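Taking it in order: structure first as structure tokens, then the write-up.
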Amino acid sequence: MEAYTAIVEPELKSVIKVEDVPIVCEFSDVFLDDLPGLPPSRAVEFIIELISRTQLIYSRPYRMSASKHEELRTQLEDLL
């Protein structure tokens, strides 16, 4: 009895050029030609520490009167 193991990895492109991204080409006037570099270091580092095997906290949405709900729906439609 013989057993074989094979690892197959897709060939990755070395670098994706900005010109290869269709949305960037479509809105080229919005994007910079060359990025200036990484953002500067901040004095305060913000980190969200995750605890393994915890469940999400579920909270019910606030109840809303029919008139307020209709007003909210109207405002959202206007914004979209």
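Take 0 as the starting number for the sequence shown in numbering that gives the first Met the number 0 and just add one per residue. For glycine and all other residues, C-beta sits at the position ideal for the given N, C-alpha and C. Computed from a predicted structure; not experimentally measured.
Following the DSSP letters along the chain, one finds Val-23 inside the alpha helix (DSSP H) bounded by residues 21 to 25. Taking the CA atoms as reference points, Thr-73 sits about 27 Å from Tyr-57. Annotation: the continuous alpha helix (DSSP H) that includes Thr-73 extends over 65 to 78.
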